[in-house]
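Residue numbers (my numbering): 39 to 326.
As structure tokens, the structure follows; a few thoughts come after it.
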């Protein structure tokens, strides 16, 4: 490996450890912005879904950690890493990344300003990361009981959202296109809370109640099974989705206890499960 690559890896590790000191979970990235560690299951003839339960590295964002010892192990296993990714949706910040792109030829910043005017919200002062292509990443925090999905261009052309299961390229990372840097005056800031009106735009719209299928016992059992099948890292997301569907179909109150029991079986605490179900009730216009 060239000396410059070794230096880039050393710098990336230093920046990743600094991010971890702030409570951010990180993974090593290659120059292509992809996870630097290959999947240990890539040669399996019939791989089963694995999010790290096998105990090996190479599961993308599911490898993310804020533990310095584990981060050093990750980078030691990825000697060609030149950057690091910051996992979104995890405590303590439950990070949401607003990616304002410039490559599509659209003015994503203007589109965000238009959305802010139309929906009456203001982007707070927060961490801003400048990308090599001239774009910007805005760091916001979300509620702990709400899983924001990843999306590309759904909010507006040129605006991508990094939520649960996604990651942001951290400042100090070097890619094939250049260096990611913190915008002047923002590196010391803590990520600011996502405005409530913007958060509503980032979440999937609830299905119209009149279009919902009739509530049946089989449907309720299916939602409970959907939660029971959740792996670590998707438990809150699955519970939230199932609870939303239950309330939309008029069986939310009846299914709250079975969904809570299913969530407890997957490893969530009763407090987390009840908070997620209550959030689903509020999001669908019901009282928990």
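All C-beta atoms, glycine included, are put in the ideal place defined by N, C-alpha and C.
Quick caveat, the model's predicted, so the values are computed rather than measured.
| message | Quick check on residue 103: does DSSP put it in helix, strand or coil? | response | Taking the chain shown and counting its residues from 1, one reaches residue 103 at position 65. Three-state DSSP puts residue 103 in a strand.
| Whole-angstrom distance between residue 187 and residue 242, CA atom to CA atom | Within the chain shown, numbered from 1, the residue matching residue 242 stands at position 204. Within the chain shown, numbered from 1, the residue matching residue 187 stands at position 149. So the alpha carbons of these two residues sit roughly 8 Å apart.
| task | From the DSSP output, in three-state form, read off residue 175 for me. | result | Along the chain shown, one-based indexing puts residue 175 at 137. Of the three classes helix, strand and coil, the one that applies to residue 175 here is strand, per DSSP.
| task | Label residue 206 either buried or exposed according to how many other C-beta atoms from any shown protein chain fall within 10 Å of its C-beta, with 16 as the threshold for buried. | result | In the chain shown, residue 206 corresponds to position 168, counting from 1. It is buried - the Cβ of residue 206 has at least 16 other Cβ atoms within 10 Å.
| query | Does at least one heavy atom of the ligand ADP sit under 7 Å from the Cβ of residue 54? | reply | Ligands are entirely absent from the displayed structure, and the ligand ADP is therefore not among its contents.
| request: Please report how far the alpha carbon of residue 299 lies from the alpha carbon of residue 319, in whole angstroms. | output: The sequence position of residue 299 within the chain shown is 261, counting from 1. The sequence position of residue 319 within the chain shown is 281, counting from 1. Using only the alpha carbons, I get a separation of about 17 Å.
| said: Please return the same chain residues whose Cβ sits closer than 6 Å to the Cβ of residue 277, not counting the five positions on each side in sequence. | reply: Against the chain shown, residue 277 aligns to sequence position 239. Same-chain partners within the cutoff: 265, 301 and 314.
| Taking all protein chains shown into account, do 16 or more other C-beta atoms lie within 10 angstroms of the C-beta of residue 152, making it buried, or fewer, making it exposed? | In the chain shown, counting from the first residue as 1, residue 152 sits at position 114. With fewer than 16 other Cβ atoms within 10 Å, it is exposed.
| Hey, which unbroken runs of the alpha helix (DSSP H) at 4 residues or more fall wholly within the stretch 120 to 180? | 146 to 157
| request: Would you kindly report the start and end of the unbroken beta strand (DSSP E) that includes residue 205? | output: Numbered from 1 along the chain shown, position 167 holds the residue referred to as residue 205. Element bounds for residue 205: 205 to 207.
| Excluding five sequence neighbours on each side, which residues of the same chain lie with their C-beta closer than 7 Å to the C-beta of residue 335? | With the chain covering 39 to 326 only, the question about residue 335 has no answer from this structure.
| request: Tell whether a beta-carbon distance below 8 Å holds between residue 170 and residue 138. | output: The sequence position of residue 170 within the chain shown is 132, counting from 1. The sequence position of residue 138 within the chain shown is 100, counting from 1. No, Cβ-Cβ distance for residue 170 and residue 138 is not below 8 Å.
| field | Closest residue to residue 158 among 235, 269 and 78 (Cα-Cα distance) | value | Locating residue 158 in the chain shown gives position 120, counting from the first residue. Looking at the Cα atoms, 235 is the closest of the given residues.
| query | Counting Cβ pairs closer than 8 Å, one from the stretch 214 to 228 and one from the stretch 181 to 201, do we hit at least three? | reply | no
| Cutoff 7 Å; reference residue 106; Cβ partners in own chain excluding five residues on either side | Mapped onto the chain shown, residue 106 falls at position 68. The residues are 55 and 58.
| task | Could you name the residues of the same chain whose beta carbon sits closer than 6 Å to that of residue 274, not counting the 5 residues immediately before and after it, in chain order? | result | Translated into the one-based positions of the chain shown, residue 274 becomes position 236. Closer than 6 Å at Cβ, skipping near neighbours: 185 and 314.
| Three-state secondary structure (DSSP) at residue 189? | Numbered from its first residue, the chain shown carries residue 189 at position 151. Strand.
| Where does the unbroken beta strand (DSSP E) through residue 66 begin, and where does it stop? | Mapped onto the chain shown, residue 66 falls at position 28. Start and end: 64 to 67.
| request: Tell me whether the beta-carbon of residue 89 lies closer than 8 Å to the beta-carbon of residue 269. | output: For the purposes of this step, residue 89 is identified with residue 51 of the chain shown, where counting begins at 1. For the purposes of this step, residue 269 is identified with residue 231 of the chain shown, where counting begins at 1. Closer than 8 Å, so yes.
| Can the beta-carbon of residue 178 be found less than 8 Å from the beta-carbon of residue 232? | Taking the first residue of the chain shown as 1, we reach residue 178 at position 140. Taking the first residue of the chain shown as 1, we reach residue 232 at position 194. Cβ atoms of residue 178 and residue 232: closer than 8 Å.
| query | What's the gap between the Cα of residue 249 and the Cα of residue 287? | reply | Counting from one through the chain shown, the residue named residue 249 turns up at place 211. Counting from one through the chain shown, the residue named residue 287 turns up at place 249. In this prediction, residue 249 has a pLDDT of 40, which is less than 50 and means its spatial position is unreliable; what the coordinates show is noted afterwards. Rounded to the nearest angstrom, the two C-alpha atoms are 9 Å apart.
| request: Give every residue of the same chain whose Cβ lies closer than 6 Å to the Cβ of residue 172, excluding the five residues on either side of it in the sequence, and list them in chain order. | output: Here residue 172 corresponds to residue number 134 of the chain shown, with the count starting at 1. Same-chain partners within the cutoff: 140.
| query | Are the CB atoms of residue 69 and residue 183 nearer to each other than 8 Å? | reply | Within the chain shown, numbered from 1, the residue matching residue 69 stands at position 31. Within the chain shown, numbered from 1, the residue matching residue 183 stands at position 145. It is not a contact, given that the beta carbons lie outside the stated cut-off.
| task | Answer yes or no: do residue 297 and residue 280 have a C-beta to C-beta separation smaller than 8 Å? | result | Along the chain shown, one-based indexing puts residue 297 at 259. Along the chain shown, one-based indexing puts residue 280 at 242. Contact: yes.
| query | With burial defined as no fewer than 16 other Cβ atoms inside 10 Å of the residue's Cβ, what is the status of residue 53: buried or exposed? | reply | Walking along the chain shown from the start, residue 53 turns up at place 15. Looking at its Cβ environment, which holds 16 or more other Cβ atoms inside 10 Å, residue 53 is buried.
| Of the residues 272, 271 and 261, the one placed nearest residue 284, counting alpha carbons only | For this step, residue 284 is matched to residue 246 along the chain shown. The shortest C-alpha separation from residue 284 is found at 261.
| said: Buried or exposed for residue 305, going by 16 or more other Cβ atoms inside 10 Å? | reply: Along the chain shown, one-based indexing puts residue 305 at 267. So residue 305 ends up on the exposed side.
| message | Which of the three DSSP states is assigned to residue 224 in this structure? | response | Start at 1 with the first residue of the chain shown, and residue 224 comes out as number 186. Looking at residue 224 - three-state DSSP - the assignment turns out to be coil, as it is neither helix nor strand.
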